[in-house]
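Written out below as structure tokens is the structure these notes cover.
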Amino acid sequence: MEFRELTSSLVTFWGSGCAEHILTGAENTSFIRRRNNWINANIPLRLSGLLMIDWGKIVGFTIELPVEYAPLPLFGKNLATILCYWTQPAISTSNHKNMLLEQTVERLERKSYSGAVVICSNNLDIPIWESLGFETVGELEMLGSANKVMFLNFSDGSLPSFQRPKPLPSPHQRKLALDLFCPAYCPLGGLLMSKVIKQSPDFARQAELRIHDTSSREVVIRSGRVIGAYLNGKNITTKVLQNVPIIKIISDFGS
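If you count by our numbering, then the sequence shown holds residues 245 to 499, one letter each, in order.
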């Protein structure tokens, strides 16, 4: 197993990564293009990453950004955010994930950050982060559920603070508004967008669709949201991902 720092030259070599298990066909191709463009645009903002390579294939990765540039509703001083991490399902329960995350933490400490923050969407990973010294300091809503925010202090790092979700604007042209928050760097955002866009002709007369590109920190801070679907402010993300027809969600809304 080999570990290599993410560089512009390696972005093209990366391929679909975690998206290959989530998206298919044209959706996957579109995601790769959006993700690569986003990564290259953020490298000057100190975006970093670590690729885990086995026999020439990327089988795991992490992506990090300073908290002041990260598209997350978090604030802090000299903190690194581990924006996303992934290992191939076949090795996710092995020591390889531990090795990847341990190397990531060691790298960030060498980069002179005061601390590191990660949003843990998988409860099974919490013991791994805890074994590396992380502690739970709060929760953020992502993909329709509460995710643990975990923090590791390297040297005199202060706890991160949070931007809570703000009320969404009222619809302008319809009685209902479907707000879709999707980051370009995340295949789950692409999956959520695909499910909604495909159904948009069915609900166009009932609800106006508003898409927010949360690859931008400004958009995230303005709304306090990262990824999800909301009908007049009500979180419907889980239902959309479970393939409940949006027209049915609208029909049941308020009942």
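Glycine is no exception: its CB is placed at the ideal position from the N, C-alpha and C atoms.
Please read these numbers as outputs of a predicted model, since none were measured by experiment.
Query - Span of the alpha helix (DSSP H), counted from its first residue to its last, around T348 - result: Here residue 348 refers to the residue found at position 104 of the sequence shown. N339 to R354 is the span of the alpha helix (DSSP H), which, as asked, contains T348.
Query raised in the report: Is the distance from the Cβ of A451 to the Cβ of L422 below 8 angstroms?
Result: Position 207 of the sequence shown, counted from the first residue, corresponds to residue 451. Position 178 of the sequence shown, counted from the first residue, corresponds to residue 422. It is a contact, given that the beta carbons lie within the stated cut-off.
Query - Residue of L318, R279 and T458 minimising C-alpha distance to E383 - result: Here residue 383 refers to the residue found at position 139 of the sequence shown. It is L318 whose Cα lies nearest to the Cα of E383.
Query raised in the report: Between which two residues does the beta strand (DSSP E) containing I283 stretch?
Result: Taking the first residue of the sequence shown as position 1, residue 283 is located at position 39. DSSP places I283 in no beta strand (DSSP E) but in the uninterrupted alpha helix (DSSP H) bounded by G269 to N286.
Requested in this report: Let me know the secondary structure DSSP gives P310 once reduced to three states.
Outcome: Along the sequence shown, one-based indexing puts residue 310 at 66. The answer is strand: DSSP assigns P310 an E or B state.
**Report entry** Residue span of the beta strand (DSSP E) that contains D496, given as start and end
**Finding:** Position 252 of the sequence shown, counted from the start, is the residue given in the question as residue 496. Careful: D496 lies outside any beta strand (DSSP E), inside the alpha helix (DSSP H) at I490 to D496.
Query - Given 8 angstroms, three or more beta-carbon pairs between the region 481 to 494 and the region 409 to 416 - result: Taking a cut-off of 8 angstroms on C-beta distances, the region 481 to 494 does not touch the region 409 to 416, as fewer than three cross pairs fall below it.
Query raised in the report: What are the boundary residues of the alpha helix (DSSP H) that includes W373?
Result: Reading the sequence shown from its first residue, position 129 is the one you call residue 373. Counting along the chain, the alpha helix (DSSP H) containing W373 begins and ends at I370 to S375.
Query raised in the report: In chain order, what residues of the same chain have a beta carbon less than 7 angstroms from the beta carbon of I287, not counting five sequence neighbours either side?
Result: Looking up residue 287 in the sequence shown gives position 43. Around I287: S252.
Query - Straight-line Cα distance separating V488 from T482 - result: Counting from 1 along the sequence shown, the entry for residue 482 is found at position 238. Counting from 1 along the sequence shown, the entry for residue 488 is found at position 244. Going from the Cα of T482 to the Cα of V488 covers about 9 angstroms.
Query raised in the report: Between the Cα of Q332 and the Cα atoms of V381, L250 and C262, which residue gives the shortest distance?
Result: Locating residue 332 in the sequence shown gives position 88, where the first residue counts as 1. With distances taken between Cα atoms, Q332 lies closest to C262.
Query raised in the report: According to DSSP, what are the bridge partners of C426?
Result: Counting from 1 along the sequence shown, the entry for residue 426 is found at position 182. In the DSSP assignment, C426 forms a beta bridge with D457.
Query raised in the report: Which word fits K341, buried or exposed, when buried means at least 16 other C-beta atoms lie within 10 angstroms of its C-beta?
Result: For the purposes of this step, residue 341 is taken as the residue at position 97 of the sequence shown. Buried, by the Cβ-count rule.
Requested in this report: In angstroms with no decimal places, state the Cα-to-Cα distance between R290 and K419.
Outcome: Residue 290 sits at position 46 when you count from the first residue of the sequence shown. Residue 419 sits at position 175 when you count from the first residue of the sequence shown. Taking the straight line joining both Cα atoms gives about 43 angstroms.
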